[in-house]
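Structure first, then comments.
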Amino acid sequence: ATAGNATDGRVKASPLAKKLAKEKGLDLQLVIGTGNNGSITVDDVKNYTPASQAA
Amino acid sequence: MKQYDLIVVGGGPGGYVTAIYAAQNGLKTALIEEKDLGGTCLNWGCIPTKALAKNAEVLRTIFDSKDYGISIDPNQIKVDYAMAQKRSREVSKKLNKGVQGLLHKNKVDIFKDRAKLVNGTNVKLTASEEILAAKNIVLATGSHPFKIPGFDYQNPNIMTSRGALEMTDLKASDEVVVIGAGAIGMEFASIWASYGAQVTVIEMLPRILPNEDEAVSKEMTRAFKKRGVKIRAGYKVTLVSIKGKKIEVNLEKNGESEKIMGDKLLVSAGVRANTENLGLESAGIKINQRGFLDINDQFQTSCATVYAIGDLTGKLALAHVASAQGLEVVHQILGATVKKINYSNIPRCTYTYPEVASVGLTEEQAKGAGYKVKVGEFPLLANGKSLAMNETTGFVKIVADEKYHEILGIHLVGGHVTELIAAAAGYIDLEFTADDIAQVIHPHPSVSEAIMEAAHAVVSKAIHI
Amino acid sequence: MKQYDLIVVGGGPGGYVTAIYAAQNGLKTALIEEKDLGGTCLNWGCIPTKALAKNAEVLRTIFDSKDYGISIDPNQIKVDYAMAQKRSREVSKKLNKGVQGLLHKNKVDIFKDRAKLVNGTNVKLTASEEILAAKNIVLATGSHPFKIPGFDYQNPNIMTSRGALEMTDLKASDEVVVIGAGAIGMEFASIWASYGAQVTVIEMLPRILPNEDEAVSKEMTRAFKKRGVKIRAGYKVTLVSIKGKKIEVNLEKNGESEKIMGDKLLVSAGVRANTENLGLESAGIKINQRGFLDINDQFQTSCATVYAIGDLTGKLALAHVASAQGLEVVHQILGATVKKINYSNIPRCTYTYPEVASVGLTEEQAKGAGYKVKVGEFPLLANGKSLAMNETTGFVKIVADEKYHEILGIHLVGGHVTELIAAAAGYIDLEFTADDIAQVIHPHPSVSEAIMEAAHAVVSKAIHI
Ligand SMILES: Cc1cc2nc3c(=O)[nH]c(=O)nc-3n(C[C@H](O)[C@H](O)[C@H](O)COP(=O)(O)OP(=O)(O)OC[C@H]3O[C@@H](n4cnc5c(N)ncnc54)[C@H](O)[C@@H]3O)c2cc1C
Ligand SMILES: Cc1cc2nc3c(=O)[nH]c(=O)nc-3n(C[C@H](O)[C@H](O)[C@H](O)COP(=O)(O)OP(=O)(O)OC[C@H]3O[C@@H](n4cnc5c(N)ncnc54)[C@H](O)[C@@H]3O)c2cc1C
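Order-wise, the sequence lines are chains R, A and E. The end of the first sequence is residue 47 by this note's numbering, with every number in the run present. The end of the second sequence is residue 1315 by this note's numbering, with every number in the run present. The end of the third sequence is residue 1315 by this note's numbering, with every number in the run present.
This is how it looks when you write it as structure tokens:
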């Protein structure tokens, strides 16, 4: 299975997480969300490293 | 021996909400409460104080009615504080009955008794001597007002909030002294000042509402002084003595002393956890240095089957903290996702006139935490609704980080702003930036627009100032 | 010929906000207003009505003060409606001056004159005959109340909202008839009922506040009836005639007719755009069938350099729509990102007693749009703060989609709920779900908790019902 948060084609991320991801050029589909109902938080984006999500 | 999935000890907003939510989610649940369902909050805290605050608001409105084209001879206004207290008690009673109804409806077994832990899964009822067993136990025994030692609390005019909620003989000619300018002290000061009493508020720390942003303390000092309340911040109470029918309070600041005479004295100096005779030792649970129970992020005490929530845990002593912790305990027991509570992002309200509400970090705290801070402010004097309502004291202050405009704190002073802070709590919790708030279309005219304007001020500039 | 980056025609909340924001962002800006800065909103709309509503609230509070332990002989209460109007006019005046100050401060050139387009980049001032030139022009000429034909508007007792805001001779013995039960009609009905007048509200559509969720209309019908207001919904006015000092209004429903006598009649039947003599033809701009100007998502009329905003565009006739459109026009001119306004997600407020506020789709609309709907409701009767405030009429209704619990609409009735709807607007705008709202820790006690409870009801169950 692909890691990430794109269940049902929806990526749920906080506004701040989106802002930061955009600045970093990061694809939110790759990030695992730890917020409400799996929503991606700013910390998820900050802590994201390709390796840490490989599992 | 009766077997439960969950036993909840204490029927305050921590305990009863936990019990209802647990039962709704299929757990066989017992609730043990020795006194009144609803706990401090419904019976001797949040609710009766707000009922009194409403009475006070009505009275203030009447005294100010000339501004609105209504004239009433002040001598024709008969004020009965005992009746105001009666309404307050009735509201509490109604909610207390309501909680009982909810518990019944959700099939929670209620035991009106005092509980004591036998071990991590057994609780003994003190009066009936019955022992109940459960897989998990939640302690939600709450707290009681701290009594500064050395005062004569037998004297009916020297009281904590508990006594203040029973006191019925306030007169407009009374001089009242309030020791402690936290939310509770300030709320009573505001109520009594509305009833015409000459109120003095004494605070040991350098400013009233010391946990709030400095700008809030400043605005509230100004507002209360304008209402005729004397503020003595940075003062130490050195002696309280009885002089005939009066209470003499001696104060000191920088070596200078002052004497204030009062008919009544409210001691409002924080709370102490209800840990006595709870049988904590038998479950191997220790009380921490401050007298509260330590919990981990899953709300467990050092005994894994015993959870603690609410005032007992020494976090923010607020009803919604107790309830929120309770919901998460149930999630934990059910094996559902547990939300980690960030205690700095809890909305904090003071129901004075004007009101205070805040969430997140103060400017000082944000700077202390190493943030580069950008502040956006907007005064209610520039807000159309506030002008129409003739309630222009107050402001919105947003503390954001400079780079992303992440909202770190929102601080409000003004009429009924305690109804606006939930939005701010949502914004912080859901990680809105000031830019997001600024572009949400707010209804006109509304006080809420001031939040949008303060957000504009963070992003670039407010429009209406 | 004076050259500008931007000429704004009309000084209402559309025009003046656009002008200030443009100037703040470096555009050389002119504002042309023929009458009062602040437009309808500040002078004859949002603001003076809210000032009157506050007067009415004060009066209601006084009449209900017995509940709070305050007794006043009703004969000692002298009510002066003319004074109430005076305060209302003063608030408008103050804000009007405030807008002038803001425009000056931001270096907007103000022309007190009537504007007429010469072409897509030139505007002629009618009185001075001066011609101004600009790269872009914003039309924000607003609207005026629609006068149902056939009534004698020369009679001072037959009026639109404009006349109602100048009328000073309301007596508690007056019978008042209001035609049209939209926000404006309902607001005046609420104010006058508070002053003791016998009010009848007539609505052609089957229910009052016909744009709101059906549950809202129902609750408001009940609340207004309880206040003694007569509601005639689904009725057609067939004839209005003068009978001596009285106005006779003939109604009909399903062939049955009824006669209502009034001392005063308010006609509150929507607005018409101010398009006359604007020189639209010379810029090649057409008026649409409904009499408004069509605009694209960038707020441009059919002439690319001429934008239109506010009531003129026939979207929701609300001040915050006008202002929001204005900000986006400036973004468009600056080449910044332009937010597409979703008109169904604009908060809508009715400042009656109790108040109404909503955002998003009604249940019916959501179903009509093909959503599988899940509704979460919570009555204020079960909300602690509402009980403490003695304001238990009303509810929160959340319309969500069944699958994701996406918020489609939030509908509120209750005391001061117009201050709660901004949060809902934010949640909808940023696409939060009911699950998100449910887990935001709301302050206790507050009416805002009812929103959290309704969200819980969408997710699974409310706690306190
Ligand atoms: C004057 C005042 C005003 C306040 N205003 C607000 C406000 O506006 N907003 C706000 O959020 N908070 C307010 N608070 C604080 C709020 O009341 C508390 O935070 C809240 O009640 C804590 O809830 P709890 O469930 O932890 O404890 P409590 O509400 O204190 O309930 C504990 C319950 O446990 C019972 N109990 C204790 N020991 C035992 C035992 N061994 N066996 C059985 N039962 C036991 C007690 O009888 C009590 O009913 C106020 C407090 C006061 C004093
Ligand atoms: C009684 C009442 C109550 C209302 N309450 C609310 C409320 O609570 N909340 C809310 O959001 N909305 C409310 N509204 C609606 C609100 O007032 C309008 O939506 C808003 O004013 C529209 O703003 P605008 O800028 O488009 O136009 P307007 O405010 O109408 O301003 C247009 C301005 O343009 C000027 N003008 C017109 N033609 C020319 C010309 N050729 N040259 C120069 N100047 C010109 C006019 O003099 C006027 O000042 C209310 C309206 C009424 C009537």
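Cβ atoms here follow ideal geometry from the backbone N, Cα and C, with glycine treated the same way.
Ranked by how close their Cα comes to the Cα of M933/A, the residues G1234/A, E980/A, T879/A, L909/A have L909/A in first place. Chain R has no Cβ within less than 8 Å of the Cβ of L1020/E.
Between the C-alpha atoms of A1219/E and V1209/E there is a straight-line separation of about 16 Å. By the criterion of at least three beta-carbon pairs nearer than 8 Å, the region 1258 to 1272 of chain A is in contact with the region 1284 to 1295 of chain E.
At a cut-off of 7 Å, the beta-carbon of H1294/E counts as near ligand 1: some heavy atom of the ligand is closer than that.
Distance from the CA atom of Q1175/E to the CA atom of Y866/E, rounded to whole angstroms, is 12 Å. For W894/A against S1011/A, the beta-carbon gap comes to about 7 Å, under 8 Å, which counts as contact.
Beta-bridge analysis with DSSP links K1096/A to K1093/A.
When DSSP states are grouped into helix, strand and coil, G1084/E belongs to the coil group. Per DSSP, Y871/E is one residue of the alpha helix (DSSP H) stretching across 865 to 874.
Each of Y1193/E, A1304/E, T1202/E was checked against the Cα of E1069/E, and the nearest Cα belongs to T1202/E. Under DSSP, G1259/E shares a beta bridge with G1210/E, V1249/E.
Straight-line measurement puts the Cα of A1083/A at about 10 Å from the Cα of L1101/A. Bridge pairing for A984/E: Y854/E [DSSP].
In this structure, V1051/E is the residue among I1008/E, V1051/E, M1111/E, I1137/E with its C-alpha nearest to the C-alpha of V1028/E. Checking the 7 Å criterion, the Cβ of T1125/A is out of range of every heavy atom belonging to ligand 2. Look at the beta carbons and you see the region 1158 to 1173 of chain A not touching the region 1253 to 1266 of chain E: under three pairs across the two are nearer than 8 Å.
Every unbroken stretch of the alpha helix (DSSP H) spanning 4 or more residues and falling wholly within the region 1150 to 1228 of chain E is given here in chain order: 1169 to 1184, 1213 to 1218. Contact fails between the region 939 to 955 of chain A and the region 1276 to 1285 of chain E, because fewer than three Cβ pairs, one in each stretch, are under 8 Å apart. In the DSSP assignment, H1292/A falls outside any alpha helix (DSSP H), carrying neither H nor E.
Look at V949/E here: in three-state DSSP terms it is helix.
For N39/R, the closest Cβ of chain E is not nearer than 8 Å. Taking 8 Å as the Cβ-Cβ cut-off, the region 1234 to 1262 of chain A approaches chain E at G1234, K1235, L1237, A1238, M1239, N1240, given in chain order. L1115/A and V1079/A do not touch by the CB rule: their CB atoms are close to 15 Å apart, not below 8 Å. Taking 7 Å as the Cβ-Cβ cut-off, the region 13 to 41 of chain R approaches chain A at T33, V34, given in chain order.
With contacts defined as CB atoms closer than 8 Å, K955/E and D855/E fail to qualify as a contacting pair. Contacts between Q1289/E and chain A, judged by CB atoms closer than 9 Å, involve A1174, L1177, K1189, D1279 in chain order. A Cβ-Cβ distance of about 37 Å is found for the pair S1107/E and T1125/E, leaving them out of contact under the 8 Å criterion.
Counting only runs that start and end inside the region 960 to 1042 of chain A, the beta strand (DSSP E) elements of at least 3 residues fall at 965 to 967, 972 to 975, 981 to 989, 993 to 995, 1025 to 1029.
Around the beta carbon of D923/A, fewer than 16 other beta carbons sit within 10 angstroms, so the residue counts as exposed. Counting C-beta atoms within 10 angstroms of its own C-beta, D1002/E has fewer than 16 neighbours from the protein chains shown and is therefore classed as exposed. A Cβ-Cβ distance of about 17 Å is found for the pair S1132/E and V988/E, leaving them out of contact under the 8 Å criterion. Ligand 1 has a heavy atom closer than 7 Å to the beta-carbon of T991/A.
Contact annotation, A873/A with V929/A: C-beta distance approximately 44 Å; criterion of less than 8 Å not satisfied. In the DSSP annotation of this structure, I1052/A is not part of any alpha helix (DSSP H); the continuous beta strand (DSSP E) holding it starts and ends at 1048 to 1053. In the three-state reduction of the DSSP assignment, I1278/A falls in the helix class.
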